[in-house]
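Residue numbers (the working numbering): 668 to 1122.
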């Protein structure tokens, strides 16, 4: 357990843009996305990519090539075939680099068209893409993407790229979700990492940019389980950053078992973003509620410092003056498949106002809960709001019972639990403690959990 680095502030991904691309492709029966749509997805998740221009005929290729090369004088352009039936375009002669004139681009397109018609008559050729020729003096060709492993589900891939990727066979796999440190360790496991680190007159590549891209790919896999494979090859990296020159994506509709609780396509359940919400508490104001994240460690320590010794003893059943890193790590680095901690923040997420949490048993039948509100903010309805959301989460997860333990002297908490519908009974093993329990029936999801304003 460690204090992870802060995630890069790369802005929120444009999930809606990706949703539109995926839904349109699946509705049209196109499981394999071409480079145009694949690069739209990359751009939506903050991964730089060359913008392709679409042409349907060699004449259109000539017109677009002239425009592309005029925008970047002296760089030339690239022409590629567009076909839903040919995934590796270079193997079929469908990629030509370093084209120096618009007339040459048109001739290349016509030649590709004739070759595909002769060698792959069954393949549909929908047109061509024209892109600027990207040339970097110190660029490295890499591969990055997502794969579907039979044992572990979705995995993130990174390694040396280019046309010889299968021959070189230099790659590392990682289990999503990733944070920057895990992504960097993936990179360090490859042989190409030594080259990326710089040598002789060649400067080191921007490793942080590669790390950001791998973290973004892991998030993409969590957000869209319809994506079964995603290949970025080549991903060019140098000292100035990264850029994806080519990409392809394979989709599949969700199977019934993939629509059930959690992320069955992940070996490790990712951050449950669907439980993020804003709420308005009467007599208090707006708050932000979301699941705890590892980077909340320093805020958790600040929150503890604002609790009175009495509240600490009521919650932890023992006095405690400070929290160790190991203890806070246990609170903030949780297994979302078996635990949950819903945290109420100030709207800017700079202060923790309260926390409700549960821990499920191995059979996923019962879950133990706890709740605490900052000592100076009690009596405003924060605890009620947090518990309503925690109960909704427990119901959606399929737990049959939510239970907890309350000191008999904590009469306020006992009444709070009764108001929520919990049954209370003295613990048979400890006469100073009550066991409170709530039978969970029905189903309340995150979309309805916050509809009622707590008082």
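For every residue, glycine included, the Cβ atom is placed at its ideal position computed from N, Cα and C.
For my contact list, residue i and residue j are in at a C-beta cut-off of 8 Å; report their separation, rounded to the angstrom.
i: residue 839; j: residue 825; result: 5 Å
i: residue 984; j: residue 1041; result: Residue 984 to residue 1041, Cβ: 19 Å. No contact.
i: residue 797; j: residue 717; result: That belief does not hold up - the Cβ atoms of residue 797 and residue 717 are roughly 10 Å apart, past 8 Å.
i: residue 1088; j: residue 950; result: Contact flag wrong, Cβ pair sits at about 23 Å.
i: residue 982; j: residue 1039; result: 5 Å
i: residue 728; j: residue 799; result: With 8 Å as the limit, residue 728 and residue 799 do not qualify as a contact, their Cβ atoms being about 14 Å apart.
i: residue 898; j: residue 914; result: 6 Å
i: residue 1059; j: residue 1069; result: Rounded, the Cβ-Cβ distance is 11 Å, inconsistent with contact.
i: residue 795; j: residue 817; result: Not confirmed; about 36 Å, so no contact.
Tell me the rounded alpha-carbon separation between residue i and residue j.
i: residue 1077; j: residue 1034; result: 21 Å
i: residue 884; j: residue 910; result: 14 Å
i: residue 708; j: residue 919; result: 16 Å
i: residue 719; j: residue 941; result: 33 Å
i: residue 968; j: residue 1025; result: 20 Å
i: residue 741; j: residue 802; result: 11 Å
i: residue 896; j: residue 793; result: 22 Å
i: residue 848; j: residue 787; result: 45 Å
i: residue 725; j: residue 791; result: 16 Å
i: residue 765; j: residue 696; result: 34 Å
i: residue 779; j: residue 743; result: 18 Å
i: residue 1067; j: residue 1036; result: 13 Å
i: residue 1010; j: residue 1106; result: 23 Å
i: residue 959; j: residue 865; result: 38 Å
i: residue 1115; j: residue 1029; result: Any reading at residue 1115 needs caution, since the residue's pLDDT is 42, under 50, leaving its predicted position unreliable; the model's value is listed next. Approximately 27 Å, taken between the alpha carbons.
i: residue 833; j: residue 1055; result: 53 Å
i: residue 683; j: residue 934; result: 26 Å
i: residue 1014; j: residue 1008; result: 18 Å
i: residue 702; j: residue 903; result: 16 Å
i: residue 1108; j: residue 1095; result: 26 Å
i: residue 878; j: residue 1018; result: 28 Å
i: residue 772; j: residue 831; result: 25 Å
i: residue 710; j: residue 1081; result: 52 Å
i: residue 706; j: residue 990; result: 46 Å
I'd like the list of long-range same chain contacts for residue i, defined as Cβ closer than 8 Å, with 5 residues on each side in sequence excluded.
i: residue 908; result: 715, 873, 876
i: residue 973; result: 1041, 1042, 1043
i: residue 881; result: 811, 823, 825, 841, 845, 850, 853, 854
i: residue 704; result: 688, 692, 916
i: residue 975; result: 1042
i: residue 754; result: 699, 915
i: residue 738; result: 799
CB-CB under 6 Å to residue i, same chain, minus the five flanking residues each way: which ones, in chain order?
i: residue 888; result: 813, 821, 843
i: residue 979; result: 987
i: residue 963; result: 999
i: residue 905; result: 803, 805, 806, 872
i: residue 901; result: 808, 828, 829, 912
i: residue 837; result: 826, 827, 857, 858, 859
i: residue 1126; result: Outside the displayed span of the chain (668 to 1122) sits residue 1126, for which this structure offers no information.
i: residue 782; result: 760
i: residue 1002; result: none
i: residue 686; result: none
Within the present structure, is the beta-carbon of residue i separated from the nearest heavy atom of the ligand SAM by less than 6 Å?
i: residue 977; result: This structure lacks the ligand SAM; in fact it carries no ligand of any kind.
By Cβ distance below 7 Å, which residues in the same chain neighbour residue i in space, the five residues on each side in sequence not counted?
i: residue 689; result: 891, 893, 918
i: residue 733; result: 769
i: residue 756; result: 747, 748, 762
i: residue 1084; result: 1073, 1091, 1103
i: residue 1016; result: 955
i: residue 731; result: 720, 722, 797
i: residue 1075; result: 1099, 1100, 1101
i: residue 835; result: 827
i: residue 995; result: 964, 967, 968
What does DSSP give as the partner residue(s) for residue i in the beta ladder?
i: residue 938; result: DSSP, once it has assigned bridges, lists no residue as partnering residue 938.
i: residue 1150; result: Missing from the structure shown is residue 1150; the chain here goes from 668 to 1122 and no further.
i: residue 1069; result: 1034, 1105
i: residue 866; result: 869
i: residue 1093; result: 1101
i: residue 748; result: 795
i: residue 825; result: 811, 839
i: residue 775; result: DSSP, once it has assigned bridges, lists no residue as partnering residue 775.
Thinking C-alpha only, which one of the options is nearest residue i?
i: residue 1031; options: 1022, 1006, 802, 914; result: 1006
i: residue 938; options: 1081, 1052, 886, 1015; result: 886
i: residue 759; options: 750, 767, 765; result: 750
i: residue 1022; options: 723, 1029, 954, 869; result: 954
i: residue 946; options: 680, 1012, 991; result: 1012
i: residue 752; options: 700, 1082, 723, 706; result: 700
i: residue 993; options: 1020, 817, 1086, 965; result: 965
i: residue 680; options: 712, 739, 777; result: 712
i: residue 1071; options: 1060, 1100, 977; result: 1100
i: residue 1053; options: 1020, 1079, 706; result: 1020
i: residue 1027; options: 1079, 1057, 1093, 1018; result: 1057
i: residue 1046; options: 867, 948, 861; result: 948
i: residue 977; options: 862, 867, 1093, 1079; result: 1079
Using beta carbons (cut-off 7 Å, strictly below), is residue i in contact with chain C?
i: residue 1006; result: As a matter of chain content, chain C is missing from the structure shown, which is built from one protein chain.
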